[in-house]
Amino acid sequence: MSVDAKVKGIISDQLEVAVEKLSMETTFEDIDADSLDIVELVMALEEEFDLEISDQEIENIKTVGDVIKYIESQV
Amino acid sequence: MKMDLKGKTAIVTGASRGIGRATALALAKAGADIVINYNRSGEAAEEVKAEIEAAGSRALSVRADVSSYSDCEALASAAIDHFKRIDILINNAGITADNLLIRMKPDEWSSVIDTNLTGVYNCTRAVMRPLLKQKSGGRIINVASVSGIYGNTGQANYAAAKGGVIAFTKSLAKELGSRSITVNAVAPGFIETDMTGELTEQFREGVLSRIALGRLGRAEEVAEVILFLASSASYVTGQVIAVDGCLAL
Ligand SMILES: NC(=O)c1ccc[n+]([C@@H]2O[C@H](COP(=O)([O-])OP(=O)(O)OC[C@H]3O[C@@H](n4cnc5c(N)ncnc54)[C@H](O)[C@@H]3O)[C@@H](O)[C@H]2O)c1
Chain L
68 MSVDAKVKGI ISDQLEVAVE KLSMETTFED IDADSLDIVE LVMALEEEFD
118 LEISDQEIEN IKTVGDVIKY IESQV
Chain W
4 MKMDLKGKTA IVTGASRGIG RATALALAKA GADIVINYNR SGEAAEEVKA
54 EIEAAGSRAL SVRADVSSYS DCEALASAAI DHFKRIDILI NNAGITADNL
104 LIRMKPDEWS SVIDTNLTGV YNCTRAVMRP LLKQKSGGRI INVASVSGIY
154 GNTGQANYAA AKGGVIAFTK SLAKELGSRS ITVNAVAPGF IETDMTGELT
204 EQFREGVLSR IALGRLGRAE EVAEVILFLA SSASYVTGQV IAVDGCLAL
C-alpha cells in the first residue's frame, strides 16, 4: 500500500471519517478534529511508521497533505 | 447501582497499606484485576496480593517510586504486559514532611512535591497512551486532602502539592471528557492510618472537637468513595469529594 493510502486509512480510522472525504487539501478543522484527536492520530502514525513526530512538527500539520508529505519525507 | 469491575484492570499506587491497601481490596472485591504498586514495603504488598487472590481476583505487585517517571512507565508497561489493559488509575501514594515554613528545609519541600504532585503527573502520563488507545473510557481518581482545599498550618508543602493535585484533576477532566475518561479527586480528612498514627494525643483531642462525626475516619470509608467513583458515578468528573466527617479546619 502507498504511504498516501495508508495515511488516509489511519486518518479515516482514527477520526471516523470516510476515506472518500479526505483529499490532500482537507484540513483537520474541516473534519472537526480537536487537539486531542491530532495527538491520537500522531500516536497511531508513530506506531504504524515506527517514527517519532516532535511537537514542533505536529504544529505544522494543518492538512491531510501535510501529514502525507511529512511521512513520505521520513520513510 | 453498578459496582461491577469484572474484566477491568486498576492500578493503585502506594497500595501496601492504609488507604491504598483498602482501595485495592475494595476494587478487587468488585471484580477488578489489581496492580499493587509499592515503593519500599514489598512484603506488605505481597500480603495484599495474597489477600486479593484468596478472594478470587487477580493481582500483580510492582515496585515503583512514583516520583520517578521511568519507574511509572515501567509500572504501566507491567500492567499492560500482565493484564493487557488499564481501565482505572488510583493515584494514592503520598507522604508528609510537616514543618512550619520558617523551618522547612528545601528537601522537605521538594520530596513532598515530587511524590505527591509530580507522582500524580508521572503515573497519569504513563497510562495515557494505553488508556486512549483502548478507546473504552477510563477512570482516574486522585487522593488529595482537605489540606489542599483549606490549607493547614505546618503543611505548606503538603497543601501546595494536594491543591496542585486538585487543579490537575479539574484540568484533566476537561482534556479527557470527550474520551469518556472521568477524572476525580477525593479529599480525606483525618483517617486512621500510619500517616496519622504519629499525631499526639493532645492534637487528636483537639481535632475530634472539630469533626462533626466526632471520630477519625477509616481507610475503608475512603476506599468506598473511590470505588463509587471507579465503578458507577459515570456522569461525575472534575470533582473533589471530601471524605472528612465534616471537618472544620
Ligand atoms: N491518613 C490521612 O488522614 C490522610 C488524609 C488526607 C489525605 N491522605 C492521603 O491519602 C493517601 C494515602 O495515605 P495513607 O493515609 O494511607 O498513608 P500511608 O503512609 O499509610 O500510605 C502511603 C502509601 O504510599 C506509599 N508511598 C509513599 N511514597 C511513595 C513513592 N514515592 N512511591 C510509591 N509509593 C509511595 C507508601 O509506601 C504507603 O504505602 C496519601 O496520598 C495521603 O496524602 C491521607
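Chains as they are written, first to last, in this note's numbering: chain L, 68 to 142; chain W, 4 to 252.
Don't be surprised by glycine CBs; every beta carbon is placed ideally from N, CA and C.
Item to check | Whole runs of the alpha helix (DSSP H) within the stretch 194-222 of chain W, excluding any shorter than 4 residues | outcome: Counting whole runs of 4 or more residues, the stretch 194-222 of chain W contains the alpha helix (DSSP H) stretches 197-200, 204-211.
Next on the checklist: What does the Cβ neighbour count give for residue 249/W, buried or exposed, with the cut at 16 atoms within 10 Å?
Outcome noted: Translated into positions along the second sequence, residue 249/W becomes position 246. Under this definition residue 249/W is an exposed residue.
Item to check | Spatial neighbours of residue 72/W in its chain, beta-carbon cut-off 8 Å, leaving aside the 5 residues before and after | outcome: Position 69 of the second sequence, counting from 1, holds the residue named residue 72/W. Only residues of its own chain outside the window of five on either side were considered, and among them 125, 128, 129 have a CB closer than 8 Å to the CB of residue 72/W, listed in chain order.
Checklist entry - Nearest CA to the CA of residue 86/W: which residue from 169/W, 191/W, 171/W, 35/W? => result By 1-based counting over the second sequence, the position of residue 86/W is 83. Among 169/W, 191/W, 171/W, 35/W, the Cα nearest to that of residue 86/W is on 35/W.
Checklist entry - At what residues does the alpha helix (DSSP H) containing residue 84/W begin and finish? => result Position 81 of the second sequence, counting from 1, holds the residue named residue 84/W. Residue range 72-86 is occupied by the alpha helix (DSSP H) that includes residue 84/W.
Next on the checklist: In whole angstroms, give me the CA-to-CA distance for residue 171/W and residue 141/W.
Outcome noted: Sequence index remark: in the second sequence, residue 171/W carries index 168 (1-based). Sequence index remark: in the second sequence, residue 141/W carries index 138 (1-based). Distance between residue 171/W and residue 141/W, taken at the CA atoms: about 17 Å.
Item to check | Nearest residue (CA-CA) to residue 169/W, options 68/W, 6/W, 119/W | outcome: Against the second sequence, residue 169/W aligns to sequence position 166. With distances taken between Cα atoms, residue 169/W lies closest to 119/W.
Checklist entry - Within the chosen definition, does the stretch 18-26 of chain W reach the stretch 40-60 of chain W through at least 3 CB pairs nearer than 8 Å? => result With the cut-off at 8 Å, the stretch 18-26 of chain W and the stretch 40-60 of chain W touch.
Item to check | Residues that residue 132/W contacts on chain L, provided the C-beta gap is smaller than 7 Å | outcome: Against the second sequence, residue 132/W aligns to sequence position 129. Contact annotation for residue 132/W against chain L: 110 [CB-CB distance below 7 Å, chain order].
Checklist entry - When DSSP builds the beta bridges, which residues end up paired with residue 51/W? => result For the purposes of this step, residue 51/W is taken as residue 48 along the second sequence, with counting starting at 1. DSSP, once it has assigned bridges, lists no residue as partnering residue 51/W.
Checklist entry - Should residue 62/W and residue 91/W be called a contact, given that it needs their Cβ atoms to be closer than 8 Å? => result Stepping through the second sequence from its first residue, residue 62/W is reached at position 59. Stepping through the second sequence from its first residue, residue 91/W is reached at position 88. Between residue 62/W and residue 91/W, the CB-CB gap reaches or exceeds 8 Å.
Checklist entry - Cβ of residue 92/W less than 8 Å from any chain L Cβ? => result As a first step, residue 92/W is located in the second sequence; it is residue number 89 there, counting from the start. Chain L contact via Cβ: absent.
Next on the checklist: Can you determine whether any heavy atom of ligand 1 sits closer than 7 Å to the C-beta of residue 86/W, and answer yes or no?
Outcome noted: Here the question's residue 86/W lines up with position 83 in the second sequence. Incorrect: residue 86/W has no Cβ contact closer than 7 Å to ligand 1.
Next on the checklist: For ligand 1, I want to know if residue 15/W counts as a neighbour, meaning its beta carbon is within less than 7 Å of at least one of the ligand's heavy atoms.
Outcome noted: For the purposes of this step, residue 15/W is taken as the residue at position 12 of the second sequence. Residue 15/W: no, Cβ never under 7 Å from ligand 1.
Item to check | Candidates 222/W, 201/W, 100/W, 157/W, of which the one nearest residue 189/W by Cα | outcome: Within the second sequence, residue 189/W is the residue found at index 186, counting from 1. Comparing Cα-Cα distances from residue 189/W to each of 222/W, 201/W, 100/W, 157/W, the minimum goes to 222/W.
Next on the checklist: Does residue 108/L come out as helix, strand or coil in the three-state DSSP assignment?
Outcome noted: Start at 1 with the first residue of the first sequence, and residue 108/L comes out as number 41. If DSSP states are grouped into helix, strand and coil, residue 108/L belongs with the helices.
Next on the checklist: My output table needs one value for residue 189/W: the three-state DSSP class, helix, strand or coil.
Outcome noted: As a working mapping, residue 189/W is identified with position 186 in the second sequence. Strand.
Checklist entry - Alpha carbon to alpha carbon, what distance is there between residue 81/W and residue 26/W? => result Along the second sequence, one-based indexing puts residue 26/W at 23. Along the second sequence, one-based indexing puts residue 81/W at 78. When rounded, the distance between both Cα atoms is 20 Å.
Next on the checklist: Any heavy atom of ligand 1 inside 7 Å of the beta-carbon of residue 41/W?
Outcome noted: Walking along the second sequence from the start, residue 41/W turns up at place 38. Yes; taking the cut-off as 7 Å, the Cβ of residue 41/W has a heavy atom of ligand 1 nearer than that.
Checklist entry - When you compare only the Cα positions, how much space is there between residue 99/L and residue 236/W? => result By 1-based counting over the first sequence, the position of residue 99/L is 32. By 1-based counting over the second sequence, the position of residue 236/W is 233. Straight-line Cα distance between these residues: approximately 29 Å.
Next on the checklist: Suppose the cutoff is 6 Å on Cβ atoms and the five residues either side in sequence are ignored; what does the same chain contact list for residue 251/W look like?
Outcome noted: Position 248 of the second sequence, counting from 1, holds the residue named residue 251/W. Same-chain partners within the cutoff: 213.
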